[in-house]
Structure formats: structure tokens, C-alpha cells
Amino acid sequence: MEDGTHTRIRIDGSFGEGGGQILRSALGLSAITGKPFEIEKIRARRRKPGLLRQHLTAVHAAKTLTNATVHGDELGSKFLVFEPGTPTPGDYHFAVGSAGSATLVFQAILPPLLVAGRSRVIFEGGTHNPWAPPFSSIEKAFLPILRRMGAPIEARLEKHGFYPAGGGRFVVDVGEPSPLSGIDIDRRDKIVKRRAIAKVAQLEPSIARRELDVVADRLGFDRSELIAMQVQDSIGPGNILTIEFEDAAGSHEVFTGFGEVRRSAEVVAAGAVRDARNWLKADVPVGVHLADQLMIPFAMAGSGSFRTLPLSRHSLTNLTILEKFLDVPIEVQQEGRNAVVRFGGTPK
Numbered sequence: 041m042e043d044g045t046h047t048r049i050r051i052d053g054s055f056g057e058g059g060g061q062i063l064r065s066a067l068g069l070s071a072i073t074g075k076p077f078e079i080e081k082i083r084a085r086r087r088k089p090g091l092l093r094q095h096l097t098a099v100h101a102a103k104t105l106t107n108a109t110v111h112g113d114e115l116g117s118k119f120l121v122f123e124p125g126t127p128t129p130g131d132y133h134f135a136v137g138s139a140g141s142a143t144l145v146f147q148a149i150l151p152p153l154l155v156a157g158r159s160r161v162i163f164e165g166g167t168h169n170p171w172a173p174p175f176s177s178i179e180k181a182f183l184p185i186l187r188r189m190g191a192p193i194e195a196r197l198e199k200h201g202f203y204p205a206g207g208g209r210f211v212v213d214v215g216e217p218s219p220l221s222g223i224d225i226d227r228r229d230k231i232v233k234r235r236a237i238a239k240v241a242q243l244e245p246s247i248a249r250r251e252l253d254v255v256a257d258r259l260g261f262d263r264s265e266l267i268a269m270q271v272q273d274s275i276g277p278g279n280i281l282t283i284e285f286e287d288a289a290g291s292h293e294v295f296t297g298f299g300e301v302r303r304s305a306e307v308v309a310a311g312a313v314r315d316a317r318n319w320l321k322a323d324v325p326v327g328v329h330l331a332d333q334l335m336i337p338f339a340m341a342g343s344g345s346f347r348t349l350p351l352s353r354h355s356l357t358n359l360t361i362l363e364k365f366l367d368v369p370i371e372v373q374q375e376g377r378n379a380v381v382r383f384g385g386t387p388k
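Using this note's numbering, the first residue of the sequence shown is number 41, and each one after it goes up by one.
What follows is the structure, encoded as C-alpha cells:
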């Protein structure tokens with residue numbers, strides 16, 4: 041089907057990982073290429089298929105940023121048509137209205153924000169959610185790489201929003217538009233700094249201490265590298281453990297564990313420690329979840345590479361969506377159990 045100068049791209053929302061990532065990637069890529077799309081079977085592989093509140097917020101945010109024409113944008117919808125206009129800078133405010141992830145809304149509209157340029161965006165909703173990149177990972181691991189690629193972007197957390205209450209808030213500032221430049225993140229330098237931060241809100245402080253004890257025991261962190269924090273600004277209870285590493289080149293990686301009902305502090309910490317150990321053992325600079333987030337920025341740059349662990353289904357699905365919108369050759373080269381992802385070429 042033709043729409044203006046572009047053929048409408050058709051997407052099956054049930055392929056690959058079959059979740060909201062397909063829609064979020066399509067929204068961002070459509071917004072920067074001007075290519076309309078239609079998607080059916082939205083989130084078909086999820087327990088509650090169709091658009092939930094956070095997905096609908098992402099659609100409306102992309103619609104607002106690009107003055108798009110949209111059909112099917114209602115809760116529960118399994119079909120959507122998105123016909124974008126031009127990304128426009130400005131001051132925006134997007135609220136999920138639940139514990140749905142505000143960081144995933146940010147992820148969806150990041151590409152048009154970078155293209156539009158000087159903007160300030162307030163995001164409200166979940167900021168620390170087990171099913172999405174927490175703000176701490178975005179701030180410490182993802183955004184520094186974007187800035188190395190030339191993106192004038194900063195973010196600050198104003199209020200924590202834990203699942204299930206939500207109510208968090210963060211602000212993103214974007215400067216004048218600047219094309220992203222590809223970089224190579226092919227090796228990890230010596231780890232020069234590490235720390236673990238256990239945050240609890242409206243919960244016993246002993247939970248944080250128990251999590252940090254596990255990190256100290258299993259990763260050998262000393263007490264100066266362990267921080268327990270009592271969060272005062274959350275409207276509901278919550279707990280997150282972050283394990284952070286910085287290498288000599290200034291690259292960061294972050295691993296997280298989230299407290300849940302009937303899940304002990306020791307189990308929460310053990311999961312984060314396991315992820316950190318796998319990354320350390322693999323001797324790669326980019327972890328699995330960070331690799332998911334880097335796919336679209338590197339494709340926008342049209343060049344660059346990074347070494348990572350075996351690609352997740354999210355990343356593999358993202359590659360398929362990228363091919364529908366951008367003519368950027370992408371090569372995934374296996375190195376034992378790890379992978380090198382190389383980008384090259386120019387957009388269509």
C-alpha cells in the first residue's frame with residue numbers, strides 16, 4: 041500500500057520475541073525515516089496481547105513528536121497504522137499513568153528526539169521495573185555510549201518509580217541535532233572501578249544489607265564498594281540492586297536485580313551476580329541488555345561495531361525490524377560463544 045512517497049511497511053507482531061519491542065523499534069525507525077507502517081498481532085506472544093498503557097503512551101508520544109496520523113491506538117488493540125510526519129523539537133511531557141515502564145517510552149521515541157534536536161522531555165511512570173531497562177542502566181551504561189557517538193543528551197532522575205506503584209519521573213534534555221558517528225567497542229579494558237548499590241523504599245533496610253553481603257561474598261567487593269540506600273521519594277515499596285563496572289577506557293556496564301514479593305534478598309542478589317559473572321568471564325565490553333539498546337543507534341550511525349555475549353531474542357528481532365526501515369548492512373560474526381555486531385552502509 042502506498043502512502044505519499046513511501047510504501048507502507050507491514051509487520052507481523054508475533055514474530056521473533058513477539059513482544060512490545062517490535063512496536064517500539066518500528067515507531068522510532070518510522071519516525072526518522074518517514075516510512076509508514078502497519079502492525080498486526082501486537083504482542084501476540086504475551087500473556088495479555090495487544091496494547092497496554094505503556095505501549096499506548098509510546099504510540100502517542102511518537103505521534104506527538106512527528107504529528108503522525110495513527111489508527112488503532114486504543115488499549116487492547118492488536119492492530120496499528122502509523123503514518124509519521126517530521127520530528128519536531130519542543131518541550132514534551134509523557135506519563136504512562138501506571139507502573140508501566142517510562143524508560144521503554146523513552147526508548148521508543150529516542151530516535152526522533154535525536155533527529156529533532158533541542159528538546160526537553162519529562163517522562164512519568166515506572167523507572168525501576170523488572171521487565172525494562174531501569175533508569176540507572178540507561179544513565180550509567182547506555183547514555184555515555186550515545187554521547188561518545190556524538191549525541192548531545194543528558195538525563196536525570198527526579199523521583200523513583202518502582203513496580204507496582206510506579207509514580208516515577210525523569211527528565212531528558214537533547215541539544216542541537218548532530219548525526220551519530222559509529223564507534224568500535226570491541227574490547228574491554230581493565231576494570232578500574234566497581235560498586236554495588238542496593239536501594240530499598242518503604243522496606244526494611246536489612247534487605248539492602250543482605251543483598252550487598254552476597255555481592256561481597258561472591259564477587260569479592262570490599263565494603264568501600266558497597267552502598268545501601270533508603271529511597272525517600274517513592275510512592276510505593278521497592279528494591280533494586282545494581283552492580284556497576286567501569287573500565288580504563290571509561291566504558292560502563294550495569295547488572296540489576298529487583299526485589300519481588302516472596303523472593304529473598306539473597307535470591308535477588310544471586311541473579312545480578314550471575315549476570316555480572318557471565319559478563320566478566322566472557323571478557324566482552326557490552327552485556328546482553330545493553331546490546332539490545334545499542335542496535336538502533338548504531339544502525340542510525342551507519343557504522344561501528346561492538347562485541348557482546350550471544351544475542352538475545354530481543355536483539356535478533358530488532359535486526360529484522362531494522363532491515364525493514366534502513367538499508368544498513370549488519371553482520372553478526374560469532375566468536376566462540378560471543379558475537380561481534382558490525383554496522384556499515386547508508387540509509388535507503
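Backbone N, C-alpha and C fix where the C-beta goes; we use that ideal spot for every residue, glycine too.
Subject >> With 16 other Cβ atoms within 10 Å as the buried cut-off, status of Gln94 >> reply: The residue you call residue 94 lines up with position 54 of the sequence shown. It counts as buried.
Original post:
Pick from Gly74, Ser345, Ala148 and Glu300: whose alpha carbon is nearest that of Val326?
Top reply: What you label residue 326 is simply residue 286 of the sequence shown in a count that begins at 1. Closest option to Val326, Cα to Cα, is Ser345.
Subject >> Met269, buried or exposed, once every other Cβ within 10 Å from all chains shown has been counted against 16 >> reply: As a first step, residue 269 is located in the sequence shown; it is residue number 229 there, counting from the start. Exposed, by the Cβ-count rule.
**OP:** Taking 8 Å as the threshold, find out whether the stretch 266-283 comes into contact with the stretch 213-220 through three or more Cβ pairs.
**Re:** no
Original post:
With distances taken between CB atoms, is the gap from Gly165 to Ile275 smaller than 8 Å?
Top reply: Reading the sequence shown from its first residue, position 125 is the one you call residue 165. Reading the sequence shown from its first residue, position 235 is the one you call residue 275. The answer is no: Cβ separation not under 8 Å.
Original post:
For the stretch 126-155, which segments carrying the beta strand (DSSP E) assignment without a break, of at least 3 residues, lie completely within its bounds, in sequence order?
Top reply: 131-135
Original post:
Counting along the chain, where does the alpha helix (DSSP H) carrying His100 start and finish?
Top reply: To locate residue 100, count along the sequence shown from 1; it is residue 60. It spans Arg93 to Thr106 - the alpha helix (DSSP H) in which His100 sits, taken as one unbroken run.
Subject >> Check whether Val161 and Tyr132 have beta carbons under 8 Å apart >> reply: Residue numbering aside, residue 161 sits at position 121 when the sequence shown is read from its first letter. Residue numbering aside, residue 132 sits at position 92 when the sequence shown is read from its first letter. Their beta carbons are under 8 Å apart, which means Val161 touches Tyr132 by this criterion.
Subject >> Beta-carbon proximity list for Arg188, same chain, < 6 Å, skipping 5 on both sides >> reply: On the sequence shown, residue 188 is found 148 positions in, with the first residue counted as 1. Answer for Arg188: Ile223, listed in chain order.
Subject >> Start-to-end residues for the alpha helix (DSSP H) that takes in Asp257 >> reply: Within the sequence shown, the letter at position 217 stands for residue 257. Pro245 to Leu259 is the span of the alpha helix (DSSP H), which, as asked, contains Asp257.
Original post:
Where does Val110 fall in DSSP's three states?
Top reply: One-based indexing of the sequence shown puts residue 110 at position 70. Residue state, collapsed to three classes: strand.
Original post:
If you check the beta carbons only, do Ala236 and Thr282 fall under 8 Å apart?
Top reply: Locating residue 236 in the sequence shown gives position 196, where the first residue counts as 1. Locating residue 282 in the sequence shown gives position 242, where the first residue counts as 1. Yes, they are a contact pair.
**OP:** Leaving aside the five residues before and after Ala71 along the sequence, list all residues of the same chain whose C-beta is less than 8 Å from its C-beta, in chain order.
**Re:** As a working mapping, residue 71 is identified with position 31 in the sequence shown. Around Ala71: Ala102, Leu105, Thr106, Ala108, Pro124, Pro127, Ile149, Pro151, Pro152 and Val155.
Original post:
Which partner residues of Ser345 appear in the DSSP bridge assignment?
Top reply: As a first step, residue 345 is located in the sequence shown; it is residue number 305 there, counting from the start. Paired residues: Asp224 and Arg382.
Original post:
To which residues of the same chain is Gly112 closer than 7 Å at the C-beta, ignoring the five residues directly before and after it?
Top reply: Taking the sequence shown and counting its residues from 1, one reaches residue 112 at position 72. These residues qualify, in order along the chain: Phe119, Leu120 and Val121.
Original post:
Could you give the distance in angstroms between the alpha-carbon of Val380 and the alpha-carbon of Lys321?
Top reply: Counting from one through the sequence shown, the residue named residue 380 turns up at place 340. Counting from one through the sequence shown, the residue named residue 321 turns up at place 281. Whole-angstrom Cα-Cα distance: 16 Å.
Original post:
Can you tell me the Cα-Cα spacing of Gly74 and Lys180, whole angstroms?
Top reply: As a working mapping, residue 74 is identified with position 34 in the sequence shown. As a working mapping, residue 180 is identified with position 140 in the sequence shown. Answer to the nearest angstrom: the Cα atoms are 31 Å apart.
Original post:
Residues in its own chain within less than 7 Å of Val240 by CB, not counting five upstream and five downstream?
Top reply: Against the sequence shown, residue 240 aligns to sequence position 200. Hits under 7 Å: Ile247, Ala248, Gln270, Val271 and Asn279.
**OP:** May I have the straight-line CA-CA distance separating Phe210 from Ala195, to the nearest angstrom?
**Re:** In the sequence shown, counting from the first residue as 1, residue 210 sits at position 170. In the sequence shown, counting from the first residue as 1, residue 195 sits at position 155. Rounded to whole angstroms, Phe210 to Ala195 spans 7 Å at the Cα level.
Subject >> Straight-line Cα distance separating Val372 from Glu57 >> reply: Within the sequence shown, the letter at position 17 stands for residue 57. Within the sequence shown, the letter at position 332 stands for residue 372. One C-alpha to the other measures close to 18 Å.
**OP:** Please report the Cβ distance between Val328 and Thr348, rounded to the nearest whole angstrom; I am assuming they are in contact, meaning their Cβ atoms lie under 8 Å.
**Re:** The residue labelled residue 328 in the question sits at position 288 within the sequence shown. The residue labelled residue 348 in the question sits at position 308 within the sequence shown. With a Cβ gap of about 7 Å, Val328 and Thr348 count as contacting.
**OP:** State yes or no: is the C-beta of Ile49 within less than 8 Å of the C-beta of Ile62?
**Re:** Here the question's residue 49 lines up with position 9 in the sequence shown. Here the question's residue 62 lines up with position 22 in the sequence shown. Cβ distance not < 8 Å, so Ile49 and Ile62 don't count as in contact.
Subject >> Cα-Cα separation, Val145 to Phe175 >> reply: The residue given as residue 145 occupies position 105 in the sequence shown. The residue given as residue 175 occupies position 135 in the sequence shown. Between Val145 and Phe175, the C-alpha separation is close to 12 Å.
Original post:
Considering only the beta carbon of each residue, do Arg83 and Gly116 sit closer than 8 Å?
Top reply: The residue you call residue 83 lines up with position 43 of the sequence shown. The residue you call residue 116 lines up with position 76 of the sequence shown. No. Outside cutoff.
**OP:** Could I get the ranges of all uninterrupted beta strand (DSSP E) runs contained in the stretch 155-240, with 3 residues as the minimum, in chain order?
**Re:** 159-165, 193-199 and 208-214
Subject >> Secondary structure of Val301, DSSP reduced to three states >> reply: Position 261 of the sequence shown, counted from the start, is the residue given in the question as residue 301. The answer is coil: DSSP assigns Val301 none of H, G, I, E or B.
Original post:
What span of residues does the beta strand (DSSP E) with Phe285 cover, start to end?
Top reply: As a position in the sequence shown, residue 285 is number 245, starting the count at 1. Residues Gly278 to Asp287.
Original post:
Thinking just about the alpha-carbon of each residue, which of Arg303, Arg86 and Leu334 is nearest to the one in Met225?
Top reply: In the sequence shown, residue 225 corresponds to position 185, counting from 1. In the sequence as presented, Met is not what sits at residue 225; that position holds Ile. Ranking the options by Cα distance to Ile225, first place goes to Leu334.
Subject >> Contact set for Ser221: own chain, Cβ-Cβ below 7 Å, skip 5 residues either direction >> reply: The count along the sequence shown starts at 1 and reaches residue 221 at position 181. Here the set comprises Met189, Gly190 and Ala341.
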